[in-house]
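For reference, the structure discussed in these notes is given below.
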Amino acid sequence: MLLIDEVLELVPGERVLARKTVTEEDCAGHFPGNPIMPGVKMVEALAQCGAVAVLSLEENRGKLALFAGIDDVRFKRIVRPGEVLTLECNVETVRGPVGRGKVKATVDGKLAVRGTLTFAVGVEESSDEA
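Quick note on numbering: the sequence shown equals residues 107 to 236 in our numbering.
What follows is the structure, encoded as structure tokens:
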């Protein structure tokens, strides 16, 4: 489930600015006749944005970034199909394999969601099929 369409700016290990155009598929079933993008998908898009920042560092290439915490998330507006989410993650701290970043998503400059995500950089991805 890829929820980033384009990375606009990247400072490896520090900051990412990305874009996601919301589709009907992103809102499927939420809610019939009144589609809105689920908050969980907006948070996942922000997490993927943060993963780009962390996994772009040479020492993390080929590894996985996993959720370790989701804090102080607030949803500020409804996001509908056709709207463009601008996703931003600023990595604040990294200690060993664990880090935290402030995230926000906006639509036309208006805040849609904000919060703090904690991540852990895990083991290298497996190419084995189970």
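Beta carbons are placed, not taken as given, at the ideal position from N, Cα and C, and that holds for glycine.
The model shown is predicted, which means the values in this text are computed figures rather than measured ones.
- Secondary structure of residue 219 (DSSP, three-state): strand.
- Of all C-beta pairs linking the segment 211-219 to the segment 173-186, three or more are shorter than 8 Å, placing the two stretches in contact.
- Buried is the label assigned to residue 225, since at least 16 other Cβ atoms lie within 10 Å of its Cβ.
- Across the structure, residue 122 and residue 192 are spaced so that their CA atoms are roughly 10 Å apart.
- One alpha carbon belongs to residue 138, the other to residue 202, and they sit about 44 Å apart.
- Taking residue 163 as the centre and dropping the five residues before and after it, the same chain places the C-beta of 118, 119 closer than 8 Å to its C-beta, in chain order.
- For residue 108, the closest C-alpha among the options 207, 178, 129 is that of 129.
- Per DSSP, residue 204 is one residue of the beta strand (DSSP E) stretching across 204-213.
- Within the same chain, Cβ atoms closer than 6 Å to the Cβ of residue 145 are found at 181, the five residues on either side in sequence being excluded.
- Between residue 171 and residue 116, the C-beta gap is not smaller than 9 Å, which leaves the two residues out of contact.
- Distance check between residue 217 and each of 198, 189, 204 places 189 closest, using alpha-carbon atoms only.
- Contact annotation: residue 206 and residue 219 have beta-carbon atoms that are not nearer than 9 Å.
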